[in-house]
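Input: a single structure, listed below in structure tokens.
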Amino acid sequence: MKLNFKKTGSGEPLIILHGLFGSADNWFSIAKELEKDYTLYLVDQRNHGDSPQSEDWNYDIMVEDLKELMEDEGLDKAFLMGHSMGGKTVMNFALKYPDMVKKLIVADIAPRYYPVHHQSILEGLISVDLAQIKSRKEADDQLSKHIPEAGIRQFLLKSLGRDKEGGFIWKINLKVINEKIEEVGKALDQDNSFDNPTLFMGGADSKYIQEKDKEDIEKYFPNHHLIYIKNAGHWLHAEQPKAVVDTVRAFLER
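Residues in the sequence shown are numbered consecutively from 1, following full-length UniProt numbering.
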């Protein structure tokens with residue numbers, strides 16, 4: 001699949017993948033800082049953003065999407081960074097195609113299985129009557145019945161777009177994501193390891209990377225460094241962008 005992406009900056013290539021319900025736009029503020037030193041590829045994964053939608057959706061396929069993008073761009077090797085679902089994609093990619101990854105950055109996700117925990121978000125998104133709403137405010141009001149956190153609603157509403165007739169649409173493939181949500185939480189299941197430098201970057205206030213995860217991280221990524229960003233939860237790049245930029249730059253330059 002030919003993924004949509006935004007390319008900016010100059011220098012060695014750094015490819016960034018967003019998480020579930022997100023898009024390339026989530027990383028614009030980070031890119032504005034890193035583009036001074038790197039060629040940034042901000043990618044919409046399939047069924048998200050402006051990339052094509054498909055009934056096929058799992059990490060094996062998303063890994064091949066990323067490989068196709070790199071080959072199309074003539075990239076033999078690149079730095080890879082992924083957040084949450086994107087982190088799982090780049091971990092799987094690094095294990096399957098280690099020679100194509102110079103260094104790996106995984107933001108607030110571990111290699112293990114995660115049970116489904118997005119029910120309220122999915123219920124909220126499905127509840128929005130796209131045929132009837134006249135404004136983003138109305139969509140927000142409908143979402144608020146399921147999702148009380150204003151910040152999460154604003155994040156989700158970034159995926160609310162317009163069709164050719166001017167009506168509202170979800171740019172995420174809500175039907176497929178809802179049907180196959182179990183795919184997002186699947187654990188890494190490979191026999192090999194990735195031996196190049198790897199940074200696991202967790203939010204100090206998040207529970208996504210726990211003490212129990214260190215054994216799996218060591219198994220798959222023996223040359224890793226684990227740090228936690230202070231005063232940040234799961235969306236650490238939105239909550240502490242400067243700390244994330246400084247951490248990423250220090251790791252890539254080391």
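We treat Cβ as the ideally placed atom computed from N, Cα and C, and that holds for glycine.
For ILE61 against TYR41, the beta-carbon gap comes to about 19 Å, at or over 8 Å, which does not count as contact. In the structure shown, PRO13 adopts extended strand secondary structure according to DSSP, grouped into three states. For ILE172, the closest of ASN47, HIS117 and THR8 by C-alpha to C-alpha distance is ASN47.
Under the three-state reduction of DSSP output, MET201 falls in the strand class. Going by C-alpha positions, LYS102 is about 27 Å away from ALA232.
A straight-line Cα-Cα distance of about 35 Å links GLU211 and GLU68. The residues ARG46, in chain order, have a CB closer than 6 Å to that of SER54 in the same chain once the five nearest residues on each side in sequence are set aside. VAL244 has no beta-bridge partner at all, per DSSP. Scanning the UniProt domain "AB hydrolase-1" (13–109) for uninterrupted beta strand (DSSP E) segments of 3 residues or longer gives 38–43, 78–83 and 101–107, listed from N- to C-terminal end. A contact between stretches requires three or more CB pairs, one per stretch, nearer than 8 Å, and the segment 99–116 meets this requirement with the segment 194–208. A Cβ-Cβ contact shorter than 8 Å links PRO111 with ILE217. The beta carbon of ASN92 is closer than 7 Å to those of TYR59, VAL63 and LEU188 in its chain, skipping five residues each way along the sequence. Contact check for LEU130 and GLY166: beta-carbon distance about 12 Å, past the 8 Å limit, so the pair fails to qualify.
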